[in-house]
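In case it helps, the numbering used here puts the sequence shown at residues 19 to 608.
No residue lacks a Cβ here, since even glycine has one placed at the ideal position from N, Cα and C.
Computed from a prediction, not measured in an experiment: that's the story for all the values here.
Just below is one structure, and these are the notes that go with it.
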Amino acid sequence: MHRFNVQQLVLDMNINWTPVITATVCGTGALYLFFKWRKNQEIQKKILNARKRRDTSLLLAEQAVQQFKIQNPGFESSSIVSLSLSELAGKLKDGSLQPDAVLHAFMEKALEVNRDLNCSTEILMESVVQLEDIKSQKKGLLYGVPISIKDNISYEGHDTSCGVVSKLDQPALADSVVVKVLKKQGAIPFIKTNIPQGLLNYDCSNPIYGQTLNPCNLQKSPGGSSGGEAALIGGGGSLLGIGTDIAGSIRIPASFCGICGFKPTAMRISARGISSCIKGQKSVLSSFGPLARDVESLSLCMQALLCQDMFSLDPTVPPIPFNQEMYESSEPLRIGYYENDGYLQPSPSMARAFRETKDLLERAGHTLVPFQPLRLYHVFHELTIRGIMADKGRTLISHLKPGPIDPCIRNQDVILSTPSFIMKLISFVLKPFCPRMSASIDATHGVGSVAELWRIHANIEEYIHEVIAEWRRLNLDVLLCPMLGPAYNFTYCGRLNSALSYTSLYNLLNFPAGTVPVSAVTEEDEAQLSHYKGAHGDMWDKLFVKAVKGGVGLPVTVQCVSLPWQDEMCLRFMREVEHLTAKNKLTRKH
């Protein structure tokens with residue numbers, strides 16, 4: 019039998035294969051470039067459609083406001099938006115203000131703030147329709163109150179983009195549990211707010227909606243990831259908003275924008291209907307909580323959310339109603355404190371604001387007890403960062419890659435996209451000169467097995483009980499510590515995850531934590547930056563100085579912490595700090 023010889027057949031054909039191979043390679047390359055071009059066109063179309071939806075909603079809102087003004091010639095929004103939440107809720111309850119006037123007043127103000135700060139991803143025009151049914155919720159604690167919600171909180175018919183192209187054109191099929199409960203309490207969600215690309219960053223910029231600016235200084239970041247919320251509330255366009263927090267994403271923007279923010283115990287508020295780019299990550303839990311101008315507003319929001327409706331809609335939430343007695347208590351507190359966590363030396367304004375607050379609390383009769391975070395260096399790298407990035411960042415990268423990368427997360431993208439063996443080599447080289455950066459880069463590349471992830475979870479559980487044991491040994495009620503600030507210059511947030519040590523610790527521990535504005539950066543604080551050496555004297559310490567430079571006049575806050583499920587105790591402590599700060603400012607004036 020004759021054997022078929024492919025090689026001989028090719029030779030017998032006597033064909034010059036070079037141009038054939040060249041044409042095939044060129045054709046394949048051209049085909050690849052064509053499909054890549056098509057893909058880019060689709061991406062750009064998605065982005066343009068999202069921007070068009072936002073712009074259309076802004077235009078419709080402007081038209082609605084103008085129409086309302088024509089129908090109500092005496093309408094004046096400034097007297098409404100200047101009210102506190104408790105004052106506004108009271109006037110809505112007694113009928114001296116009507117929900118339609120309040121909604122259009124805040125819609126007008128939000129439009130004005132958005133023009134300056136670019137803090138909105140969409141106006142929810144369904145809010146105008148909701149006015150028709152609002153009377154049935156008159157008994158609700160938030161009857162007629164317009165509320166803003168972070169972009170990743172589901173609202174039926176609208177995207178929860180998380181700032182990534184992969185989540186565009188996927189409108190939510192139903193409201194999140196949080197939105198449903200807010201509506202049952204009479205609140206009117208009327209605007210969605212901007213976030214950083216992928217959410218895992220404490221700036222507020224993405225390729226779809228752009229960069230949000232700080233209401234206190236347009237040259238500064240508003241913080242993130244709930245940056246749009248903080249900017250809108252800080253600018254006066256909303257009284258109350260809902261954000262999410264996995265490493266400080268409520269507290270940092272609240273601090274940067276000079277408002278109050280509260281991260282409850284995880285699962286105190288339902289997470290159903292909240293979008294994420296790292297869904298399934300369980301090492302460090304995300305929390306959902308309020309941002310507002312004052313602590314009383316945060317408390318009212320928590321009271322409204324912690325109701326039977328939430329417990330029925332999501333039976334996985336422990337049915338623990340708001341403890342009003344604990345919140346209203348005036349007993350002296352035993353307060354733990356630390357000025358420096360040993361990982362990041364606080365900026366001069368952070369340290370001064372902390373010391374002034376500590377002195378006020380001592381003079382008010384509270385007992386202050388020194389406390390120091392346990393093994394923070396190891397815990398921050400090996401439990402917090404490695405736990406969040408256990409999958410080597412692949413889930414996050416899968417959401418980022420279909421679209422352009424925003425400048426605010428470029429550094430993160432480079433680290434996560436570079437092969438692990440190269441980053442491990444870089445980490446090894448950096449270790450003698452910059453051990454913090456070396457440890458952080460190594461931790462970012464996650465775990466190698468399920469068994470290693472389980473060990474991390476076991477170590478986290480052990481660490482939580484270790485900290486609680488130290489807390490109880492000192493017989494503490496609450497804890498006072500510095501809060502990151504002042505607001506950064508642009509592009510530094512993505513380059514300084516070292517600064518998250520003050521906030522991410524309480525996500526890892528799952529302790530309630532909140533921020534309260536207490537001061538502003540002084541000329542002296544600014545001058546002292548030239549003497550700042552930092553805890554390690556490394557590249558990150560030098561970057562931190564550059565990040566906070568030029569902050570005179572910007573707000574500075576402190577952080578208040580309590581044990582898990584004692585959210586009301588944390589709010590009570592925040593209220594005390596707020597009260598003493600206000601009283602001190604009044605005394606100084608006179």
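- One Cα belongs to Gln116, the other to Ser438, and the distance between them is close to 59 Å.
- In the DSSP assignment, Ile206 falls within the beta strand (DSSP E) that extends over Ile206 to Thr211.
- The secondary-structure analysis by DSSP pairs Tyr506 with nothing; it has no beta-bridge partner.
- For Cys588, the enclosing alpha helix (DSSP H) starts and ends at Asp585 to Lys607.
- Segment contact: the segment 239-246 against the segment 501-517, three or more CB-CB distances shorter than 8 Å; contact assigned.
- Under the three-pair Cβ rule at 8 Å, the segment 361-373 counts as touching the segment 548-557.
- Given a length threshold of 3 residues, each whole run of the beta strand (DSSP E) inside the segment 259-298 is given here in chain order: 278-281.
- Listed in chain order, the beta strand (DSSP E) elements of length 3 or more contained wholly in the segment 343-396 are 352-355 and 385-388.
- For Gly246, the enclosing alpha helix (DSSP H) stretches over residues Gly245 to Gly252.
- The criterion of a C-beta distance shorter than 8 Å is satisfied by Ala265 and Ser522.
- Excluding sequence positions up to five before and after Ile406, its CB lies within less than 8 Å of the CB of Leu218, Ile264, Ala265, Ile296, Gln299, Ser301 and Val302, all in the same chain and listed in chain order.
- A Cβ-Cβ separation of about 6 Å places Asn235 in contact with Leu572 under the 8 Å criterion.
- Just measuring C-alpha positions, the residue of Pro214, Asp193, Val147 and Glu130 sitting nearest Ser179 is Pro214.
- In the DSSP assignment, Lys560 falls within the unbroken alpha helix (DSSP H) covering Met557 to Val566.
- DSSP places Ala190 in the coil class of the three-state scheme, outside both helix and strand.
- Annotated three-state conformation of Glu140 is strand, per DSSP.
- For Ala119, DSSP assigns no beta-bridge partner whatsoever.
- In this structure, Leu379 lies away from Ile403, with their beta-carbon atoms at least 8 Å apart.
- Within its own chain, the residues whose Cβ lies closer than 7 Å to the Cβ of Tyr481, once the five positions on either side in sequence are excluded, are Val397 and Leu401, listed in chain order.
- Counting only the Cα atoms, Arg393 lies some 43 Å from Leu160.
- Judged by beta-carbon spacing, Gln577 lies within the 8 Å limit of Arg269, meaning their Cβ atoms are closer than that value.
- Gly204 counts as buried, since at least 16 other C-beta atoms from the protein chains shown sit within 10 angstroms of its C-beta.
- Just so you know, the alpha carbons of Arg373 and Ala382 end up roughly 14 Å apart.
- A distance below 8 Å separates the beta carbons of Leu106 and Val120.
- The C-beta of Ala531 has 16 or more other C-beta atoms within 10 Å across all chains shown, which makes the residue buried.
- Relative to Pro308, the option among Ser435, Lys168 and Arg412 whose CA is nearest is Lys168.
- The beta carbon of Thr599 is closer than 6 Å to those of Val536 in its chain, skipping five residues each way along the sequence.
- A direct Cα-Cα distance of roughly 10 Å separates Ala322 from Lys201.
- When C-alpha distances from Arg69 are compared across Ser104, Ile226, Pro337 and Arg290, the shortest belongs to Ile226.
- The continuous alpha helix (DSSP H) containing Thr413 extends over residues Arg412 to Leu418.
- Val574 and Val539 do touch by the CB rule: their CB atoms are close to 6 Å apart, below 8 Å.
- In the DSSP annotation of this structure, the continuous segment of the beta strand (DSSP E) that includes Cys499 starts and ends at Val496 to Pro500.
- For Cys319, there is no enclosing beta strand (DSSP E); the residue is found in the alpha helix (DSSP H) stretching over Val313 to Leu323.
- Within the same chain, Lys442 and Ser445 come within 7 Å of Asp460 by CB-CB distance, once the 5 residues on both sides are set aside.
- When C-alpha distances from Ser305 are compared across Leu527, Asn515 and Lys156, the shortest belongs to Leu527.
- Within the model, the alpha-carbon separation for His597 versus Pro450 is close to 47 Å.
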